[in-house]
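Q: Take this structure first; my questions come after.
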Amino acid sequence: MGVKKLIDIYKKIDEHLMNDHRPSEFLNRLLYENSLDQYPFSMLSSLVKVEQSPVHHPEGNVWNHTMLVLDIAAQRKKLSRDSRVFMWSALLHDLGKAPATKIRKGKITAYDHDKMGAELARRFLNEFNEDSDFISKVTAMVRWHMQILFVVKDLPFANIKEMLEQVPPEEIALLGYCDRMGRGELTEEKERAEEENIRIFIEKCRQVLDNTGNPR
1 MGVKKLIDIY KKIDEHLMND HRPSEFLNRL LYENSLDQYP FSMLSSLVKV EQSPVHHPEG
61 NVWNHTMLVL DIAAQRKKLS RDSRVFMWSA LLHDLGKAPA TKIRKGKITA YDHDKMGAEL
121 ARRFLNEFNE DSDFISKVTA MVRWHMQILF VVKDLPFANI KEMLEQVPPE EIALLGYCDR
181 MGRGELTEEK ERAEEENIRI FIEKCRQVLD NTGNPR
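As numbered in the working numbering, residues 1 to 216 make up the sequence shown, in order.
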């Protein structure tokens, strides 16, 4: 597949991300047509082979999860400050799970997939000569998309101050919500729980903002 064809696919994906109510349908079609086999799209297609913990991800592999997240994001993209950054972040947010996923003591883990994913997202977008500001914004979203979990649970991986230097907390909250909801069957109880997590996350971020004087 030549460079022109790769660019054409990228542009079509971009169009469907911005306009479709269920962009997963187009992405799945590309997958089944083997249109995502060549680098850098292989970063996405390889997610089909990456399994996840059945406890936390009953939907199955990382590709399935990404498609669920993508469709939820499509329904909420108007809430984002930059819907294009938001949608590409949703598509690329778990690229890091391919290299990060390991089996430890009988459990499937993906430690540091957020950090690894940020670098992979940068490489992916650089292949298409995207604007550097756009790449930086998407990369930051991917890098910090796990912060809701870390902050709400007071885990040592939480780093609100550094996150706030790179991305608005509301954007991470929006992506994080889609990420958490893209896991198997949606229920009202699950939705309420995640909305409460977002409230706590935003509140903790605002406390840091108040203490540092950060204008965000």
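C-beta: ideal position from N, C-alpha, C; glycine also.
Per DSSP, what kind of secondary structure is residue 109 in: helix, strand or coil?
A: Taking the first residue of the sequence shown as position 1, residue 109 is located at position 109. The answer is strand: DSSP assigns residue 109 an E or B state.
Q: Taking a contact to mean a Cβ-Cβ separation below 8 Å, would you say residue 151 touches residue 160 in this structure?
A: Within the sequence shown, the letter at position 151 stands for residue 151. Within the sequence shown, the letter at position 160 stands for residue 160. Contact: yes.
Q: Smallest Cα separation from residue 123: which of 52, 101, 139 and 113?
A: Counting from 1 along the sequence shown, the entry for residue 123 is found at position 123. Closest by alpha carbon: 139.
Q: What residue from 82, 53, 185 and 42 has the CA that sits closest to residue 175's CA?
A: As a first step, residue 175 is located in the sequence shown; it is residue number 175 there, counting from the start. Minimum Cα distance to residue 175 is reached at 82.
Q: Which term fits residue 23, buried or exposed, when burial requires 16 or more other beta carbons within 10 angstroms of its beta carbon?
A: As a position in the sequence shown, residue 23 is number 23, starting the count at 1. That one is buried.
Q: Using the rule of at least 16 other Cβ atoms within 10 Å of the residue's Cβ for burial, across every protein chain shown, is residue 75 buried or exposed?
A: Here the question's residue 75 lines up with position 75 in the sequence shown. Its Cβ having fewer than 16 others within 10 Å, residue 75 is exposed.
Q: Give the list of continuous alpha helix (DSSP H) stretches no shorter than 4 residues that lie fully inside the stretch 28-111.
A: Within the stretch 28-111, the complete alpha helix (DSSP H) runs of at least 4 residues are 42-45, 62-76, 83-92 and 97-100.
Q: Taking residue 32 as the reference, give the member of 44, 130 and 197 with the closest Cα.
A: In the sequence shown, the residue the question calls residue 32 occupies position 32. Of the candidates 44, 130 and 197, the one whose C-alpha sits nearest the C-alpha of residue 32 is 44.
Q: Can you tell me the Cα-Cα spacing of residue 7 and residue 60, whole angstroms?
A: Position 7 of the sequence shown holds residue 7. Position 60 of the sequence shown holds residue 60. Computed Cα separation, rounded: 30 Å.
Q: Evaluate the contact criterion for the stretch 124-131 versus the stretch 141-156: three or more CB pairs, one atom per stretch, below 8 Å.
A: Too few Cβ pairs lie closer than 8 Å, so no.
Q: When burial is assigned at 16 or more other CB atoms within 10 Å of the CB, is residue 198 buried or exposed?
A: As a working mapping, residue 198 is identified with position 198 in the sequence shown. Buried, by the Cβ-count rule.
Q: Report the three-state DSSP secondary structure of residue 187 (helix, strand or coil).
A: The residue you call residue 187 lines up with position 187 of the sequence shown. Coil, per DSSP.
Q: Quick check on DSSP: helix, strand or coil for residue 124?
A: By 1-based counting over the sequence shown, the position of residue 124 is 124. DSSP places residue 124 in helix when its eight states are reduced to three.
Q: Mapping DSSP to helix, strand and coil, what is residue 169?
A: To locate residue 169, count along the sequence shown from 1; it is residue 169. If DSSP states are grouped into helix, strand and coil, residue 169 belongs with the helices.
Q: Please state whether DSSP places residue 115 in a helix, a strand or coil.
A: Translated into positions along the sequence shown, residue 115 becomes position 115. Three-state DSSP puts residue 115 in a helix.
Q: Count the other CB atoms, across all protein chains shown, that sit within 10 Å of the CB of residue 206; report buried if there are 16 or more and exposed otherwise.
A: One-based indexing of the sequence shown puts residue 206 at position 206. So residue 206 counts as exposed.
Q: If you draw a straight line from the C-alpha of residue 110 to the C-alpha of residue 51, how long is it?
A: If you number the sequence shown from 1, residue 110 lands on position 110. If you number the sequence shown from 1, residue 51 lands on position 51. Each residue's Cα considered, the two are about 10 Å apart.
Q: Can you check whether the CB of residue 90 is closer than 8 Å to the CB of residue 116?
A: By 1-based counting over the sequence shown, the position of residue 116 is 116. By 1-based counting over the sequence shown, the position of residue 90 is 90. No. Outside cutoff.
Q: Of the choices 15, 37, 145 and 34, whose alpha-carbon is the least far from that of residue 93?
A: Within the sequence shown, residue 93 is the residue found at index 93, counting from 1. Residue 93 has its Cα closest to that of 145, out of 15, 37, 145 and 34.
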